[in-house]
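All remarks here apply to the structure that follows.
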Amino acid sequence: TVFGCVFVQVGAGHMEYDSRMEGIASYHFNSLSDSFISYKNAPDQWLLDDGNPPPAKKYFTETSYDAEARVFRGVIEWLPATFGGAFRWEYRIHFAEDFGRIVSGELQNYKKAAADG
Numbered sequence: 001t002v003f004g005c006v007f008v009q010v011g012a013g014h015m016e017y018d019s020r021m022e023g024i025a026s027y028h029f030n031s032l033s034d035s036f037i038s039y040k041n042a043p044d045q046w047l048l049d050d051g052n053p054p055p056a057k058k059y060f061t062e063t064s065y066d067a068e069a070r071v072f073r074g075v076i077e078w079l080p081a082t083f084g085g086a087f088r089w090e091y092r093i094h095f096a097e098d099f100g101r102i103v104s105g106e107l108q109n110y111k112k113a114a115a116d117g
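Counting in full-length UniProt numbering, the sequence shown runs from 1 upward without gaps.
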């Protein structure tokens with residue numbers, strides 16, 4: 001199962017886990033109701049559109065997990081602020097059979113229309 005796993009973003013050419021990468025938008029899956037993105041060590045230039053840094057933990061809502069397909073789905077809501085103009089991110093994340101890495105996924109950003117202010 002994915003629950004109990006942490007996934008970190010790594011740069012090109014680096015495929016091994018490095019604990020120093022935790023908190024730079026790392027993905028934590030403790031349980032279906034306790035899954036989040038950690039921004040604890042995010043670069044200083046990563047700011048919400050209101051000028052504030054993202055929270056140390058941003059929890060997924062509307063979560064689901066298909067154990068047979070190894071697919072997690074969840075939503076990150078940014079309101080009342082936005083992040084890169086987006087107020088909502090919808091994720092679909094597909095994990096490797098051994099849960100050693102994320103093999104594919106999708107992120108759909110939702111941005112406010114200019115008329116919405």
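Here a beta-carbon is modelled for each residue, glycine too, at the ideal position from N, C-alpha and C.
{"query": "C-alpha gap between S31 and G4, whole angstroms", "result": "7 Å"}
{"query": "For W46 and H94, the rounded distance between their alpha carbons", "result": "26 Å"}
{"query": "Counted within 10 angstroms of its Cβ, other Cβ atoms place G100 as buried (16 or more) or exposed", "result": "exposed"}
{"query": "L48 in three-state terms, based on DSSP", "result": "coil"}
{"query": "Y27 versus Y110, K111, G105, K112, residue with shortest Cα-Cα distance", "result": "G105"}
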